[in-house]
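Remarks on the structure that follows.
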Amino acid sequence: MQLIDTHNHLDFPPFDSDRQQVIDSAIARGVERQVVIGVYHDHWERLWSLATAQPSLFATLGLHPVFMHMHTPEHLQRLRQWLERLQGHPKLCAIGEVGLDYYVERPDKDAQKTLFEAQIELAIEFDLPLLLHVRRAHADVTAILKRYRPPRGGIAHAFSGSYEEACEYLRLGFKIGLGGAGTWPQAKRMHRVLKQLPLDGIVLETDAPDITPASHAGERNSPVFLPDICHTLAELKGVPAEELADAATRNTEALFGWESELNRPE
Numbered sequence: 193m194q195l196i197d198t199h200n201h202l203d204f205p206p207f208d209s210d211r212q213q214v215i216d217s218a219i220a221r222g223v224e225r226q227v228v229i230g231v232y233h234d235h236w237e238r239l240w241s242l243a244t245a246q247p248s249l250f251a252t253l254g255l256h257p258v259f260m261h262m263h264t265p266e267h268l269q270r271l272r273q274w275l276e277r278l279q280g281h282p283k284l285c286a287i288g289e290v291g292l293d294y295y296v297e298r299p300d301k302d303a304q305k306t307l308f309e310a311q312i313e314l315a316i317e318f319d320l321p322l323l324l325h326v327r328r329a330h331a332d333v334t335a336i337l338k339r340y341r342p343p344r345g346g347i348a349h350a351f352s353g354s355y356e357e358a359c360e361y362l363r364l365g366f367k368i369g370l371g372g373a374g375t376w377p378q379a380k381r382m383h384r385v386l387k388q389l390p391l392d393g394i395v396l397e398t399d400a401p402d403i404t405p406a407s408h409a410g411e412r413n414s415p416v417f418l419p420d421i422c423h424t425l426a427e428l429k430g431v432p433a434e435e436l437a438d439a440a441t442r443n444t445e446a447l448f449g450w451e452s453e454l455n456r457p458e
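Going by my numbering, the sequence shown opens with residue 193, and the numbers climb by one from there.
This is how it looks when you write it as structure tokens:
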């Protein structure tokens, strides 16, 4: 089984003590590529150094709505400078994690929207997909995306909305990112949505070190757990795990413009 973790935070401090072991263990379990996500300006350098030092890692750069208190107008300009410098680099695969988060206490919705729209414009200008963070804001996110229509689409990360909301993202050219949240027995709505989603609309993720799957309750989440997530989601969907893994991998490769490794010789 070959898998791609489309969303994790492997550069974060919880992995400082065993990061290389996690990378090696993930590869041994079939997680051949991982996308490590940028969330604020001050960690882009660390993230980029990690991705360029590891053949299996790829990077995104973005300004996350949860960290609005850390972002400045200068950081948006710095993002443009990074994108100009790295344009066409095979290790840079998307802009993200970007979007809207109305779950945070007293969200400044206007400021979030302004930042989100600026990053959509950058994604269009630099021909990159978007990796979306959305909490309690699907209607506003899809309304904004309909205005801009970013041609490369992207991923609705850690999706937990309704089937109708999922269809809105699919119609806009986005894939639905599924991970550990859907493996929990109490995630009944997500189970119903999963059964209805087309295989060509799904990609897999861990969001490590967060959103641990039910099979590893109480542990730090890890890209090593992606095969377990895949098996559980496949069982819930009623398809073989290999079929879900292959579909998710092909969807990810198509989204990022990567050459397929599914049919390479062992």
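Built from N, CA and C at the ideal position, the CB exists for glycine as well.
In this text the structure is predicted, and so the values were computed from the model without any measurement.
- At the C-beta level, residue 252 and residue 324 stay beyond 8 Å of one another.
- Cβ-Cβ distances below 7 Å link residue 333 to 291, 292, 324, 326 in the same chain, with the five nearest sequence neighbours on each side left out; the list follows chain order.
- Only buried fits residue 243, as 16 or more other CB atoms lie within 10 angstroms of its CB.
- Under DSSP, the beta-bridge partners assigned to residue 225 are 196.
- Taking 8 Å as the cut-off, the beta carbon of residue 437 is found no closer than this to the beta carbon of residue 389.
- The criterion of a C-beta distance shorter than 8 Å is not satisfied by residue 260 and residue 315.
- In the three-state DSSP reduction, residue 250 falls in the strand class (E or B).
- The continuous beta strand (DSSP E) containing residue 289 extends over residues 284 to 293.
- Residue 379 and residue 277 have their C-alpha atoms spaced approximately 42 Å apart.
- Here the alpha carbon of residue 320 sits roughly 17 Å from the alpha carbon of residue 361.
- Shortest Cα-Cα distance from residue 386 to any of 202, 370, 206 involves 370.
- For secondary structure counted as the alpha helix (DSSP H) over 4 or more consecutive residues, the segment 340 to 379 holds these complete runs in sequence order: 355 to 363.
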